[in-house]
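The letter at position 282 of the sequence shown is residue 282 when you use UniProt numbering, and the numbering goes up by one with no holes.
Using N, Cα and C, we set each Cβ at its ideal position, and we do this for glycine too.
Quantities reported herein were computed from a predicted structural model and do not represent experimental measurements.
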Amino acid sequence: MDGENDSVVSEFILIGFSTSWEVHLFLFWFFTVFYMGIILGNLLILFTVIIDSHLHSPMYFLLANLSLLDLGLSSTTVPKLISDLFTNCNIISFPKCMIQIFFIHVMGGVEMVLLIAMAYDRYTAICKPLHYMTIMSPRMCVSFVVAAWIVGIIHAVSQFFVVINLPFCGPNKVDSFYCDFPRVMKLACVDTYKLEFVIIANSGLISMGTFFSLIISYIFILVTVWKRSSGDLSKAFVTLSAHITVVILFFMPCMFLYIWPFPATPLDKYLFIVDFAITPVLNPAIYTLRNKDMIVAMRRLGKRVVSSSSTA
Numbered sequence: 001m002d003g004e005n006d007s008v009v010s011e012f013i014l015i016g017f018s019t020s021w022e023v024h025l026f027l028f029w030f031f032t033v034f035y036m037g038i039i040l041g042n043l044l045i046l047f048t049v050i051i052d053s054h055l056h057s058p059m060y061f062l063l064a065n066l067s068l069l070d071l072g073l074s075s076t077t078v079p080k081l082i083s084d085l086f087t088n089c090n091i092i093s094f095p096k097c098m099i100q101i102f103f104i105h106v107m108g109g110v111e112m113v114l115l116i117a118m119a120y121d122r123y124t125a126i127c128k129p130l131h132y133m134t135i136m137s138p139r140m141c142v143s144f145v146v147a148a149w150i151v152g153i154i155h156a157v158s159q160f161f162v163v164i165n166l167p168f169c170g171p172n173k174v175d176s177f178y179c180d181f182p183r184v185m186k187l188a189c190v191d192t193y194k195l196e197f198v199i200i201a202n203s204g205l206i207s208m209g210t211f212f213s214l215i216i217s218y219i220f221i222l223v224t225v226w227k228r229s230s231g232d233l234s235k236a237f238v239t240l241s242a243h244i245t246v247v248i249l250f251f252m253p254c255m256f257l258y259i260w261p262f263p264a265t266p267l268d269k270y271l272f273i274v275d276f277a278i279t280p281v282l283n284p285a286i287y288t289l290r291n292k293d294m295i296v297a298m299r300r301l302g303k304r305v306v307s308s309s310s311t312a
């Protein structure tokens with residue numbers, strides 16, 4: 001790989017957050033607890049949707065895919081971060097850094113499209129209930145997921161080749177806890193100012209376009225409910241407010257980092273804690289604890305597990 005882009009840098013040093021031992025210990029337990037919550041919460045949703053036939057519907061099919069993506073996105077960075085905090089060895093090889101960048105943007109791109117699909121699913125269910133099963137057919141749901149992966153891969157590849165071919169011959173300290181385009185590109189031995197606009201035109205516009213599309217769709221749903229229920233928005237607002245909160249938390253770091261020429265402040269690495277650790281925990285809580293069908297299905301799953309273990 002080094003021969004292809006004339007790099008002499010074989011590894012990067014991830015500066016992380018702080019040199020304080022107390023802060024390291026706090027962050028180690030913080031990320032460990034949150035990552036365990038991400039694994040358990042999202043796997044519980046996956047198994048419940050797969051096993052319980054009552055949840056074999058478009059909404060839960062998309063939700064299961066979202067849980068799978070949350071697992072994948074957090075797993076690209078959080079295990080490495082936990083290991084670095086535990087061993088105090090913040091070194092990542094050049095190939096692993098590039099792989100991390102690639103999968104972060106694949107998963108991020110897929111999740112953006114999937115969130116649009118989930119918003120469209122809610123729009124169809126609320127605004128066109130009589131045609132819901134016809135519009136959101138199994139074929140349409142699979143098409144959404146396939147399209148999301150295609151968009152995610154194209155999104156990541158189109159930027160990945162911009163970075164992989166840059167020469168890295170000097171500094172190798174990345175001011176973050178993970179590898180990503182902005183921080184890594186600043187270490188290249190050439191002027192990357194023009195290349196930054198390629199990233200902005202890709203990641204920035206996709207993030208901003210997806211965010212505003214989702215917000216507009218939720219507003220349209222609320223307006224539709226308001227017209228049909230004589231101004232009573234309480235139930236719809238309670239449901240959608242949680243979704244809107246997750247959307248804002250997920251997209252704010254992305255837009256902060258990618259919507260203008262790359263910032264020189266370390267604030268972005270703190271913001272991305274939300275995307276990699278907090279949002280993947282919030283999604284299971286929002287889509288399960290506030291969903292009666294999911295709670296009932298989990299109880300059925302729990303009873304099935306208890307009965308099978310007692311008969312074994």
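C-alpha gap between residue i and residue j, whole angstroms
i, j, result
"L68", "R122", "20 Å"
"M118", "D293", "17 Å"
"I82", "P95", "20 Å"
"K269", "F177", "7 Å"
"S213", "I116", "8 Å"
"M250", "S207", "A small fix is needed here, since residue 250 is Phe in this sequence, not Met. About 10 Å."
"G37", "P182", "29 Å"
"N5", "F161", "Note on N5: pLDDT 49, under 50, position unreliable in the model; no value is reported."
"S137", "Y218", "22 Å"
"K303", "T77", "35 Å"
"S53", "Y193", "53 Å"
"Y132", "F30", "42 Å"
"S307", "S93", "48 Å"
"M59", "H24", "40 Å"
"M107", "V145", "12 Å"
Rounded distance between the beta-carbons of residue j and residue i, thought under 8 Å
i, j, result
"I259", "G209", "Not really, about 11 Å apart at Cβ, beyond 8 Å."
"M252", "T48", "Going by Cβ atoms, the distance from M252 to T48 rounds to 30 Å, so no, they are not a contact pair."
Cβ pair residue i, residue j closer than 8 Å
i, j, result
"V246", "I286", "yes"
"P280", "D84", "no"
"K173", "I273", "no"
"L63", "I39", "no"
"A277", "F26", "no"
"I164", "M98", "yes"
"A188", "F168", "yes"
"F102", "F28", "no"
"I104", "E11", "no"
Chain D contact for residue i (CB, 8 Å cutoff)
i, result
"I51", "The chain inventory of the structure shown lacks chain D, comprising one protein chain alone."
Quiz item: Which ranges would you report for the alpha helix (DSSP H) in the region 149–180 if only whole runs of at least 4 residues count?
Solution: none
Quiz item: Which residue spans inside the region 174–214 form an unbroken alpha helix (DSSP H) run of at least 4?
Solution: 181–185, 193–199
Quiz item: Which ranges would you report for the beta strand (DSSP E) in the region 70–105 if only whole runs of at least 3 residues count?
Solution: 91–93
Practice problem: Identify every run of the beta strand (DSSP E) within the region 124–148, keeping only runs that are complete inside it and at least 3 residues long; order them along the chain. | Solution: none
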